[in-house]
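A short write-up of the structure that comes next.
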């Protein structure tokens, strides 16, 4: 749809940082433009919405203190079937790369811990 193309227009794709998460091919972008303009495009000010083409749109906004400064971030997640795009506003390419890698690291640790717990429950020795 044109709305989705407009949201992705001028977004920076984080190459080599795509993962399969819960069966979805997940890709990451950052956008330096205005979140408010994109929210108007999709008719959403927060929460969830399903567009007429079946794309699930989730908007979340948060604030965080980085280096002593309060920063506002926002995410628009577009999901359809096994494809998911995450667009983050209010950050730099380098900050978002670090953020995505940290989330991937946390996910890997959680999966390894779950696997170890399952092995122990099944009577196997831990690694």
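Residue numbers (UniProt numbering): 1 to 127. The C-beta atom is built at its ideal place from N, Cα and C for all residues, glycine as well.
Taking the Cα positions, residue 91 is about 26 Å away from residue 51. Around the beta carbon of residue 109, a 10 Å sphere encloses fewer than 16 other beta carbons of the protein chains shown; the residue is thus reported as exposed.
Leaving aside the five residues that flank residue 35 on each side, the residues in its chain whose CB is nearer than 7 Å to its CB run, in chain order, 74, 89.
In this structure, the CA atom of residue 56 is about 38 Å from the CA atom of residue 121. C-alpha of residue 38 to C-alpha of residue 6: approximately 8 Å in a straight line. When DSSP assignments are scanned along the stretch 25–51, the uninterrupted stretches of alpha helix (DSSP H) that are 4 or more residues long and fall wholly within it turn out to be 35–42.
Excluding residues up to 5 positions away in sequence, 26, 104 lie with their Cβ nearer than 7 Å to the Cβ of residue 19 in the same chain.
Distance from the Cα of residue 13 is smallest, within the candidate group 96, 119, 22, 65, for 96. In the displayed model, residue 82 falls within coil according to three-state DSSP, outside both helix and strand. Counting along the chain, residue 8 sits inside the alpha helix (DSSP H) bounded by residues 2–8. The shortest C-alpha to C-alpha distance from residue 48 to any of 72, 21, 78 is the one to 78. Judged by DSSP secondary structure, residue 66 falls within the beta strand (DSSP E) whose first and last residues are 56–66. The Cβ atoms of residue 31 and residue 10 lie closer than 8 Å to each other.
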